[in-house]
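S.K.:
Residue numbers (my numbering): 14 to 231.
1. Give me whichever residues DSSP pairs with residue 51 in a beta bridge.
2. Residue 36 to residue 101, Cα distance in whole Å?
3. Should residue 20 go down as buried or exposed, given a rule of 16 or more other Cβ atoms within 10 Å for buried?
4. DSSP state of residue 26, grouped into three classes?
5. Buried or exposed for residue 107, please, with buried defined as at least 16 other CB atoms from any protein chain shown within 10 angstroms of its CB.
6. With residue 200 as the anchor, note down where its alpha helix (DSSP H) starts and where it stops.
7. Cβ of residue 185 within 8 Å of Cβ of residue 68?
8. Determine the burial state of residue 167: buried for a count of at least 16 other Cβ atoms within 10 Å of its Cβ, exposed for fewer.
9. What's the C-alpha gap between residue 25 and residue 105?
10. By the 10 Å Cβ neighbour count, where 16 or more other Cβ atoms means buried, how is residue 153 classified, buried or exposed?
11. Using 10 angstroms around the beta-carbon of residue 66, count the other beta-carbons present and answer buried if the total reaches 16, otherwise exposed.
12. Taking the alpha-carbon positions, what's the residue 98 to residue 134 distance?
13. Mind checking whether residue 90 and residue 158 have CB atoms under 8 Å apart?
14. According to DSSP, is residue 124 helix, strand or coil?
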């Protein structure tokens, strides 16, 4: 029996609260209790990406794609998305406490709206908690949860959106390339545990009917 629309919406909002909310709690608590971070060196890729405050708009679209994933992913993936998000936050938080990292941030000069937003972000965000990047890890999980092989165009647009967010992170110098790599790897691990594994079980169950179903067919 299908769930009533308002019941499904409440489930989605609850999952968003407990999933994304866990990230916020872990992120801010780890920033409060960690020691001085190790400064990460830049890579060749970091140096090749030009700094641009205008990338702030794509960067902030992260705060759209995350709730969108909870509100639009198939209901069968909702619990997996929440659990993957929570485990991602806990693992990242442990790394932030055990091996805190930071980086050299550029000075933002300018009176434009993009520059002012980036200056505000630099003031309120932690200068540490770099590796792994939760920004990209949660983006990967969001795109994963919304992806659908039967809607290739829409899935492709989500992938492009996620890639654009990743590039904006490098353009703003909010993270280094190594942070993105480790964040994506973390999302790949937790996504496999809570998103991919459940899909595989459901696919096997759909292909192999239960003994009762077989007897009914006979």
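Just so you know, even glycine gets a beta-carbon here, dropped at the ideal spot from N, CA and C.
None of these values were measured; they are calculated from a predicted model.
M.R.: The short version:
1. As a position in the chain shown, residue 51 is number 38, starting the count at 1. Residue 51 is bridged to 114.
2. Taking the chain shown and counting its residues from 1, the one referred to as residue 36 is at position 23. Taking the chain shown and counting its residues from 1, the one referred to as residue 101 is at position 88. Roughly 8 Å separates the two Cα atoms.
3. Stepping through the chain shown from its first residue, residue 20 is reached at position 7. By the beta-carbon neighbour count (other beta carbons within 10 angstroms, threshold 16), residue 20 is exposed.
4. Taking the chain shown and counting its residues from 1, the one referred to as residue 26 is at position 13. Residue state, collapsed to three classes: helix.
5. As a first step, residue 107 must be located in the chain shown, where it is residue number 94. Residue 107 should be labelled exposed.
6. For the purposes of this step, residue 200 is taken as the residue at position 187 of the chain shown. From DSSP, the alpha helix (DSSP H) with residue 200 extends over 190 to 204.
7. Along the chain shown, read from residue 1 onward, the residue named residue 185 stands at position 172. Along the chain shown, read from residue 1 onward, the residue named residue 68 stands at position 55. Result yes, Cβ atoms of residue 185 and residue 68 sit closer than 8 Å.
8. Within the chain shown, numbered from 1, the residue matching residue 167 stands at position 154. Classified as exposed, residue 167 has fewer than 16 neighbouring CB atoms from the shown chains inside 10 Å of its CB.
9. Locating residue 25 in the chain shown gives position 12, where the first residue counts as 1. Locating residue 105 in the chain shown gives position 92, where the first residue counts as 1. Looking at the two C-alpha atoms, the distance is approximately 24 Å.
10. Taking the first residue of the chain shown as 1, we reach residue 153 at position 140. So residue 153 counts as buried.
11. Locating residue 66 in the chain shown gives position 53, counting from the first residue. By the Cβ neighbour-count rule, residue 66 is buried, with 16 or more other Cβ atoms within 10 Å of its own.
12. The residue given as residue 98 occupies position 85 in the chain shown. The residue given as residue 134 occupies position 121 in the chain shown. Distance from the CA of residue 98 to the CA of residue 134, rounded to the nearest whole angstrom, comes to 23 Å.
13. Counting from 1 along the chain shown, the entry for residue 90 is found at position 77. Counting from 1 along the chain shown, the entry for residue 158 is found at position 145. Yes, the Cβ-Cβ distance between residue 90 and residue 158 is below 8 Å.
14. The count along the chain shown starts at 1 and reaches residue 124 at position 111. In this structure, residue 124 counts as coil in the three-state DSSP scheme.
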